[in-house]
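Participant: Take a look at the following structure, please.
Numbering (our numbering), first residue to last: 43 to 275.
Structural data, given as structure tokens:
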């Protein structure tokens with residue numbers, strides 16, 4: 043699980059075919075070393091080891107090879123490659139990296155699973171004063187999960203939805219986020235990974251239960267001792 047707060051930026055330095063997918067070699071400020079080596083542990087937020095989960099532009103992937111001091115690799119399966127914006131990855135591209143949360147970590151963003159729901163097209167991205175105003179056009183089947191002042195993950199970054207107009211939604215990128223991510227570099231026509239708030243999915247699941255199949259009735263309630271409030275009382 044993640045929070046949508048980027049740990050650091052990484053750079054793709056090599057891409058090689060791996061089965062039906064691809065292996066990405068990524069260089070970053072994170073320190074890498076074989077698991078169990080002195081000083082390496084999952085409690086260190088700035089280190090990464092074999093088997094660690096790491097979000098790359100919002101996609102949860104597993105670290106499977108290490109090249110100390112700052113290079114690691116992940117493998118993207120063909121399904122992930124087809125259903126996310128990873129198909130647009132290129133050598134030299136910068137990525138948002140986030141290590142998985144530890145128990146007890148602060149949740150400064152929102153609950154992010156790293157399970158990308160789909161891709162969205164960038165409609166516009168312009169600077170207003172010191173912030174950037176980003177409009178994206180999301181798939182119709184995901185738009186009902188979004189609400190003003192709700193959360194959405196764009197390329198792994200937790201953002202607040204400020205406005206919705208049909209399938210288009212607006213988020214503001216504050217100066218700090220612009221400095222720490224590549225979101226301010228997005229332009230019209232670019233494709234981004236999006237993950238809707240998982241809580242919205244659970245709410246939909248609960249509300250979508252088939253009430254007609256419920257065994258609960260007034261007769262059953264009376265049997266359980268429930269007495270309706272007297273009319274006019």
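Quick reminder that beta carbons are idealized off the backbone N, C-alpha and C, glycines included.
(1) Alpha carbon to alpha carbon, how far is residue 58 from residue 114? Give it in angstroms, no decimals.
(2) Would you mind working out which of 240, 120, 191 and 182 sits nearest residue 157, comparing C-alpha positions?
(3) Note down the Cα distance separating residue 83 from residue 215, rounded to an integer number of angstroms.
(4) Looking at residue 54 and residue 66, is the spacing between their C-beta atoms short of 8 Å?
(5) Could you check what DSSP says for residue 220 in three-state terms: helix, strand or coil?
(6) Give me the residue from 197, 195, 196 and 191 with the minimum Cα distance to residue 203.
(7) Would residue 160 pass as a contact of residue 236 if the rule is Cβ separation under 8 Å?
(8) Measuring CA to CA, which of 62, 138, 231 and 162 is closest to residue 122?
(9) When we look at the beta-carbon of residue 120 and count the other beta-carbons within 10 Å, is it buried (16 or more) or exposed?
(10) How many Å lie between residue 238 and residue 221 at the Cα?
(11) DSSP beta-bridge partners for residue 138?
(12) What would DSSP say about residue 243, mapped onto helix, strand or coil?
(13) When you compare only the Cα positions, how much space is there between residue 169 and residue 181?
(14) Drop a sphere of 10 angstroms on the beta-carbon of residue 198, count the other beta-carbons inside from all chains shown, and report buried for 16 or more, exposed for fewer.
(15) Let me know the alpha helix (DSSP H) ranges lying completely inside the stretch 91-137, each 4 residues or longer, listed in chain order.
(16) Could you name the residues of the same chain whose beta carbon sits closer than 8 Å to that of residue 210, not counting the 5 residues immediately before and after it, in chain order?
(17) Grouping DSSP H, G and I as helix and E and B as strand, with all else coil, what is residue 225?
(18) Give the straight-line distance between the Cα atoms of residue 171 and residue 92, rounded to the nearest whole angstrom.
(19) Let's test the definition: count the other Cβ atoms within 10 Å of the Cβ of residue 205 and tell me whether it reaches 16, buried, or not, exposed.
(20) Buried or exposed: which applies to residue 97, given that a residue is buried once 16 or more other Cβ atoms fall within 10 Å of its Cβ?
(21) Looking at the structure shown, is residue 70 part of a helix, part of a strand, or coil, going by DSSP?
(22) Please classify residue 166: does DSSP put it in a helix, a strand, or coil?
Facilitator: Here's the rundown:
(1) Roughly 13 Å between the two C-alpha positions.
(2) When C-alpha distances from residue 157 are compared across 240, 120, 191 and 182, the shortest belongs to 240.
(3) Residue confidence for residue 83 is low, a pLDDT of 46 falling below 50, so the modelled location carries little weight; the figure read from the coordinates is stated next. Take the alpha-carbon of residue 83 and the one of residue 215: they are about 33 Å apart.
(4) By the CB criterion at 8 Å, residue 66 and residue 54 fall inside the cutoff.
(5) In the structure shown, the three-state DSSP call for residue 220 is helix.
(6) Of the candidates 197, 195, 196 and 191, the one whose C-alpha sits nearest the C-alpha of residue 203 is 191.
(7) Yes; because the gap between Cβ atoms is below 8 Å, this pair is in contact.
(8) Measuring from the Cα of residue 122, the nearest candidate turns out to be 62.
(9) Around the beta carbon of residue 120, a 10 Å sphere encloses fewer than 16 other beta carbons of the protein chains shown; the residue is thus reported as exposed.
(10) Straight across, the Cα-Cα distance linking residue 238 with residue 221 is about 24 Å.
(11) Its beta-bridge partners are 51.
(12) In the structure shown, residue 243 adopts helical secondary structure according to DSSP, grouped into three states.
(13) Per the coordinates, the alpha-carbon of residue 169 lies some 25 Å from the alpha-carbon of residue 181.
(14) Classification for residue 198: buried.
(15) For the stretch 91-137, whole alpha helix (DSSP H) runs of length 4 or above, ordered along the chain, are 120-125.
(16) Taken in chain order, the residues that qualify are 165, 177, 178, 179 and 180.
(17) Note: residue 225 maps to helix in three-state DSSP.
(18) Each residue's Cα considered, the two are about 43 Å apart.
(19) Exposed: under 16 other Cβ atoms inside 10 Å.
(20) Residue burial annotation: residue 97 is buried, with at least 16 other C-beta atoms found within 10 angstroms of its C-beta.
(21) Correct three-state label for residue 70: strand.
(22) Three-state result, residue 166: strand.
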